[in-house]
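These notes are about the structure you will find just below.
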Amino acid sequence: MSHDRRCDGQEFDQTLDCAPVTDQECGPEPKTRPQTKECLDMDRIDAKLLLAVQKNNRLTSEELSDAVGLSPTACQRRLARLRDAGFIEADVAIINPEAVGRPILVLVMVTLAVASVETVDRFKAEIRSRPEILSGYYVTGAFDFLLTVSAVSMAGYEEFTREFFYGREDIDAYTSLVVMDRVKTGNNLPISTTNDTPARR
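In the numbering used here, the protein residues as written are 1485 to 1685.
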């Protein structure tokens, strides 16, 4: 029995012996309870699909079929199941910041004056509300938050700091680190394809 067996033309998931996939392991039908990461075990084929689409989300069904050894229909069915279960959070385009006039990227370390629950939650909400803040992390260590901020220019970044940081009693200090070179960026995860989890039947 091969996990890479292909059964062209079949309208079901052909991972082992071309057996159809059921929702037995995940309980009720998706209409009553969506699948979750806890009830959907990821096998080698799922891992190969995730590796492929996180590098290039414009691959056709036929190209995915060649990459993982399943029929195009089975690939699309698995991807739909992975999306429903939350393995794939979004399908997005990555924009070149210089092409849209935002070449400046700044890493900002923020220390709150008082790290109370209310202060932390309020600051998280403010981070989410500002489009200039590309990402925000609540972290351990010498400071409380690490932000990545996009700006048109250094003057634009200074304007952002005046609006967002100045005159606030809840912020003790912040430190700005201007990025000189984006050596490596991206969200591609190193997903193992050696998972021995049996294929869903």
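Yeah, the Cβ is synthetic: ideal placement off N, Cα and C, and Gly gets one too.
Check: For serine 1634 and aspartate 1575, the rounded distance between their alpha carbons; Outcome: 21 Å
Check: Backbone CA spacing between cysteine 1559 and leucine 1543 [nearest angstrom]; Outcome: 11 Å
Check: For glutamate 1616 and glutamate 1647, the rounded distance between their alpha carbons; Outcome: 12 Å
Check: Per DSSP, the bridge partner or partners of leucine 1631; Outcome: Val1592 and Gly1620
Check: Beta-carbon separation (whole angstroms), valine 1590 vs valine 1636, contact threshold 8 Å; Outcome: With a Cβ gap of about 12 Å, valine 1590 and valine 1636 do not count as contacting.
Check: Three-state class that DSSP yields for arginine 1517 in the structure shown; Outcome: In this prediction, arginine 1517 scores a pLDDT of 39, lower than 50, which makes its location untrustworthy; no coordinate-derived value is stated.
Check: Straight-line gap, leucine 1554 to proline 1674 (C-alpha atoms, nearest Å); Outcome: 22 Å
Check: Cβ neighbour criterion (16 or more within 10 Å) applied to glycine 1620; Outcome: buried
Check: Inter-residue spacing [alpha-carbon to alpha-carbon] between threonine 1677 and methionine 1638; Outcome: 43 Å
Check: Where the alpha helix (DSSP H) through arginine 1609 begins and ends; Outcome: A quick correction: the sequence has alanine, not arginine, at residue 1609. 1601–1613 is the extent of the alpha helix (DSSP H) around alanine 1609.
Check: Proximity winner among Arg1565, Asp1568, Ala1569 and Ile1578, relative to lysine 1539 (alpha-carbon distances); Outcome: Ile1578
Check: CA-to-CA distance, threonine 1557 to leucine 1533, given in whole angstroms; Outcome: 13 Å
Check: Tyrosine 1622, buried or exposed, once every other Cβ within 10 Å from all chains shown has been counted against 16; Outcome: exposed
Check: Neighbour-count burial assignment, threonine 1624, 16 or more Cβ in a 10 Å radius; Outcome: exposed
Check: Cβ separation of threonine 1595 and phenylalanine 1627, assumed to be a contact under 8 Å, to the nearest whole Å; Outcome: 5 Å
Check: Closest Cα partner of threonine 1659 within the set Asp1665, Glu1610 and Glu1642; Outcome: Glu1642
Check: Cβ separation of alanine 1609 and aspartate 1656, assumed to be a contact under 8 Å, to the nearest whole Å; Outcome: Not confirmed; about 19 Å, so no contact.
Check: CA-to-CA distance, arginine 1614 to tyrosine 1650, given in whole angstroms; Outcome: 16 Å
Check: Reduced DSSP secondary structure (H/G/I, E/B, other) of valine 1537; Outcome: helix
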